[in-house]
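Visitor:
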Amino acid sequence: MITYEDELKQEARKEGREEGKIEITRNLIKLGASLDFIKKATGFSEKKVLEIKEKLEKK
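Residue 350 is where the sequence shown starts when you use the working numbering, and the numbers rise one by one after that.
1) What does a CB cutoff of less than 8 Å around Ile387 pick up in its chain, not counting 5 residues either side in sequence?
2) So Lys370 packs on Thr391, CB below 8 Å; how close in whole Å?
3) For Ile351 and Glu406, what's the separation of their Cα atoms in angstroms?
4) Along the chain, where does the alpha helix (DSSP H) that runs through Gly392 open and close?
Right under this line is the structure:
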């Protein structure tokens, strides 16, 4: 049986992994990596990569 505390920990780990993938995506964009390479490296969809790129360019 999973407790509420365990559920919170699992969710926090999941969010942390997602944030890490977003940071890797930002770095790959800055390095000029191709869209296909970034998609393969992160597992993100093209739409997600382009969203991250757009946010990065607005900064």
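All C-beta atoms in this analysis are idealised placements derived from N, C-alpha and C, irrespective of residue type, glycine included.
Guide: Let me lay it out:
1) In the same chain as Ile387, and ignoring 5 residues on each side of it, the C-beta atoms closer than 8 Å to its own belong to Thr374, Leu377, Ile378, Phe393, Val398, in chain order.
2) With a contact defined as Cβ atoms closer than 8 Å, Lys370 and Thr391 qualify at about 5 Å.
3) Distance between the alpha carbons of Ile351 and Glu406 is about 42 Å.
4) Per DSSP, Gly392 belongs to no alpha helix (DSSP H) and is neither H nor E.
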